[in-house]
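Structure first, then comments.
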Amino acid sequence: MTRSWEEVFKGIEPGGEAAATREAAPAEKKGWFKRLKDGLAKSRKNMQQHLSTVMFDRLDAELWEQLEETLIFADCGVESTVAVVDRLEAAAAKGTVSNREQFYAELEAALVDLLTVGDDRIDVSRQPSVLMVVGVNGTGKTTTIGKIAWYLQQQGKSVMLAAADTFRAAAIEQLAEWGERVGCPVIRQERGSDPGAVVFDALAAARSRGTDVVIIDTAGRLHTQVPLMEELKKIRRVAAKQVEDAPHETLLVIDATTGQNGLSQARLFGEAVGVTGVVLTKLDGTAKGGIAVAIAHELELPIKLVGVGEKIEDLRPFDAADFARALFED
Ligand SMILES: Nc1nc2c(ncn2[C@@H]2O[C@H](COP(=O)(O)OP(=O)(O)OP(=O)(O)O)[C@@H](O)[C@H]2O)c(=O)[nH]1
Ligand SMILES: [Mg+2]
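As structure tokens, this is what we get:
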């Protein structure tokens, strides 16, 4: 069930390194599901506590109230919560849900449906493919970029990083460290220089070197800071002048611990720069994992990757079925 990197990245050739990864897959997949479950422990505990007092032999108003509270508390959002409760009530009325087991099966299925929206793949089939990574301060953008670069290089893609966060102290050095660790070039200028100019240079270099994937790191910014959102639009325009249709992917990194604020972030970044997918990080520190449901369902934005820790292997393709299962299963 767990999705592999090859399933997420469109344009990765099977064979070579990729085949080696595939052979190791079963053990690795089990390991990942456990990490996801460990990461979602707080969210799961919250769900279970809310529902533990419920009598499943009587599917009555109390159960629907408890379910509603559980989902709201987990930050699934009002719209998604209503959709899930309505679906379960309807199933109970029809008689297809009449015990605890069926209740949880239907609940999981409902969440999977809400989590499944749009194109959840990341297209790296062009040369170069340009990925831009945006989000508010400290959500995990730079770390996520390092991890993605590592996986893409493992799969035989040549990667280049563009240090377009020229604002925060030590941001360029932080990206350069990832470049060294992963073994890919980092295009940089001095701190304080124009992020657009960095992107221009990076894409020119990528074109002349035949690089497969360029990942643009941007400075953290609040979704409410209009001039800074304009700066992102400018970076996009610069990218499009160098490479047709670039950036091909705009990933918004959201810290899951911020709860409902993540929803406003997704809405405003989406309106400003056309987000194509979400990376949900820090699921390991939150009881609010349901924010994934709100983002996917209410904004129709696919969650593409999730992070449950700081290590490279803690970033993974998002799998709706695994995610829903990890929220409930003991
Ligand atoms: N627990 C946990 N920590 C994470 C995860 N992803 C990133 N982090 C940590 O979050 C912190 C911030 O990460 P950065 O990658 O620097 O975040 P950023 O969005 O680039 O930050 P700015 O550039 O300052 O806006 C680092 O300490 C990361 O190790 C995750 O999934 N779980
Ligand atoms: Mg950063």
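Following this note's numbering, the numbering of the sequence shown begins with 91 at its first residue and continues without gaps.
Backbone N, C-alpha and C fix where the C-beta goes; we use that ideal spot for every residue, glycine too.
Keep in mind that this is a model prediction, so the values were computed, not measured.
Do residue 292 and residue 330 have their C-beta atoms closer together than 9 Å?
no
Consult DSSP for residue 99 and reduce its assignment to one of helix, strand or coil.
strand
For ligand 1, is there any heavy atom lying closer than 8 Å to the beta carbon of residue 264?
yes
Might you give, ordered along the chain, the residues of its own chain that have their beta carbon closer than 7 Å to the beta carbon of residue 122, omitting 5 neighbours on each side?
92, 406
Compute the beta-carbon to beta-carbon distance between residue 393 and residue 382, rounded to the nearest angstrom, for a pair I have assumed lies under 8 Å.
5 Å
The region 236 to 253 touching the region 132 to 139, judged by at least three CB pairs closer than 8 Å:
no
Report the CB separation of residue 402 from residue 352 in whole angstroms; it is logged as a contact under 8 Å.
Between residue 352 and residue 402 the Cβ distance is about 24 Å, and since that is not below 8 Å, they are no contact.
Going straight from the alpha carbon of residue 172 to that of residue 179, what length do you get?
10 Å
Compute every distance between the C-beta of residue 281 and the non-hydrogen atoms of ligand 1, then say whether any falls below 8 Å.
no
Measure how close the beta-carbons of residue 314 and residue 358 come, nearest whole angstrom, since I'm counting them as under 8 Å.
7 Å
Evaluate the contact criterion for the region 216 to 227 versus the region 319 to 339: three or more CB pairs, one atom per stretch, below 8 Å.
yes
Hey, would you say the C-beta of residue 351 is under 8 Å away from at least one heavy atom of ligand 1?
no
Any heavy atom of ligand 1 inside 8 Å of the beta-carbon of residue 374?
yes
By DSSP, does residue 213 sit in helix, in strand, or in coil?
strand
Assigned secondary structure, residue 114 (DSSP; H/G/I helix, E/B strand, else coil)
Reliability of the predicted coordinates at residue 114 is poor, the pLDDT of 45 falling under 50, and the value obtained from them is presented with this limitation in mind. In this structure, residue 114 counts as coil in the three-state DSSP scheme.
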